[in-house]
């Protein structure tokens, strides 16, 4: 049947073919119309064409309404995306404006440095000209040295603060490591539960193997008994064959005598008695022939049992091969478990994580926290370097004031020369310090980028290991269940073949056939129960 209207609004169709449904309004949903693939050749009802047109119109209206709803949703999404894009553009413009401001500040600082260097060169030239007026400035220089020592102490204090901030960052890293340990413990708990499930499945597989071995031993015992019976039956067959050959010879002799006696006209009573005895012997010989035929059929049944024994031996060899494969799989499982434990030791003690699926979310939150802390540390370092630059500029201004004071004093040339050398050396040291401060932000950026790359690599490794654990856990259970189901299905097929052979031999074997039939039916029931339990487990997994 073909349904022309949507399946959600089904209604019952009237049983009579001649009755026509009432026309529905154009706005509301129409009744369910069902068309058969091969309609009968009878005449259609009078209102069928209008009903068909009404159905197609309603379908079009429904499709049109669905399309309009989808279009309105798409337009809403487009407007949302446009608003997000506008917000991102505004943020980008703000970032570019801030970047320009920082570039302008950097260029302005470079210009100030160049101007300072030019002024220092001019001052040095003036100092070389006014060497004789620098004696009185020595006392002032000593005072400035004491002030510089105070500033050095301030710098050392700032350095200690920076070291304390680094220690706090290390403490935060230790806290994160503790969280990772907690997470690894939760993963180990999951692993223990999975190992328990594996042990249960292995125990069940061992039970099935023990049952199969017991059945095989029973079949071997029966086969040995059947072989002994066949040997006895063969001996009886040989004896019966000898008797049969003798009987056939006697029968031929008797027939010859009877044929000779029929030509004679007078028959004696003794001949009649002999004929009766011979007939009885013939009947006995026929019974013995029947018994021999039965023995022959029993011998054929024994050969069938031997074939079944060979099949059981081949099954045993297959089971042993599958057990060796199972040992190899266990070794590979142990290797995978060792790898998992090595990774779980890294991921121990992370709070807020109950399973491996929570790892990416927790790691993303930790990554955000680390990035925010690194940004704060970078801002603090930049603030420190700005303070150091301001202190260096203050020292430079003080040196300028000292040099201006030297211009007013004109005494000892030797003292002024030594003082000039000290001032030049201090200026060189300050320039080196300024260069180090300029290189500091670049190094901090490189360190931040390296740490981000390391965090990304750790996140990828964690995701890969979580996927790997899931795949291993699912694959081990599925492979073992599938192998057991396949083995049981092969057993079922073999038992069905045995049943067919036994049904063919039922007419010949009698009681033995009944015993084999009962044994095979019980075994089939056991195998079906095992297959049903395994299928239920697969559905639960």
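Residue numbers (the working numbering): 18 to 558.
All C-beta atoms, glycine included, are put in the ideal place defined by N, C-alpha and C.
Cβ of residue 243 within 8 Å of Cβ of residue 322? yes
Length of the line joining the Cα atoms of residue 250 and residue 310: 11 Å
For a test of the three-state rule: what should DSSP assign to residue 298, helix, strand or coil? helix
Residue 153 by DSSP, collapsed to three states: which one? coil
So, with DSSP's three-state summary, where would you put residue 129? helix
Proximal residues to residue 128 (C-beta, below 8 Å), its chain only, five neighbours per side dropped: none
Do you know offhand how far residue 597's Cα is from residue 201's? Since the displayed the chain opens at 18 and closes at 558, residue 597 lies outside it and no answer follows.
Indicate the three-state DSSP secondary structure (helix, strand or coil) for residue 116 in the structure shown. helix
Count the other CB atoms within 10 Å of the CB of residue 85; is the residue buried (16 or more) or exposed (fewer)? exposed
Spatially closest choice to residue 260 from 406, 94, 404 and 306, by CA coordinates: 306
Should the region 168-178 be called in touch with the region 400-419, which here means at least 3 C-beta pairs below 8 Å? yes
Count the other C-beta atoms from every protein chain shown that fall within 10 angstroms of the C-beta of residue 53, then say buried if there are 16 or more, exposed otherwise. Unreliable positioning characterises residue 53 in this predicted model, as indicated by a pLDDT of 44, which lies under 50. The coordinate reading is nonetheless provided below. When all chains shown are included, residue 53 counts as exposed.
When the Cα atoms are used, what is the spatial distance from residue 130 to residue 184? 35 Å
Assuming residue 257 and residue 308 make a contact with CB atoms under 8 Å, what is their CB distance in whole Å? 7 Å
Given 8 Å as the limit, is there contact between the region 224-238 and the region 260-269, that is, 3 or more CB pairs closer than that? no
What does the alpha-carbon distance come out to for the pair residue 213 and residue 357? 17 Å
Let me confirm a value: residue 477 is counted as buried when at least 16 other C-beta atoms fall within 10 Å, else exposed. Which label applies? exposed
Could you check if residue 325 is buried or exposed, using at least 16 other CB atoms within 10 Å of its CB as the buried criterion? buried
Going along the chain, which residues of its own chain have a beta-carbon closer than 6 Å to the beta-carbon of residue 60, five neighbours each way excluded? Residue placement at residue 60 is flagged as unreliable, the pLDDT there being 47, under the threshold of 50; the coordinate-derived value follows with that caveat. The answer is none, since no qualifying residue turns up.
Using the rule of at least 16 other Cβ atoms within 10 Å of the residue's Cβ for burial, across every protein chain shown, is residue 230 buried or exposed? exposed
Inter-residue Cα distance where the pair is residue 334 and residue 234: 14 Å
Does residue 147 come out as helix, strand or coil in the three-state DSSP assignment? coil
By the 10 Å Cβ neighbour count, where 16 or more other Cβ atoms means buried, how is residue 102 classified, buried or exposed? exposed
Straight-line CA distance for residue 382 to residue 389? 11 Å
Would residue 412 pass as a contact of residue 168 if the rule is Cβ separation under 8 Å? yes
Taking buried to mean at least 16 other C-beta atoms within 10 Å of its own C-beta, is residue 340 buried or exposed? exposed
Are the Cβ atoms of residue 191 and residue 397 separated by less than 8 Å? no
Would you mind giving the Cβ-Cβ distance between residue 299 and residue 268, rounded to the nearest angstrom? I have them listed as a contact below 8 Å. 6 Å
When you compare the CB positions of residue 236 and residue 329, do they come within less than 8 Å of one another, or not? yes
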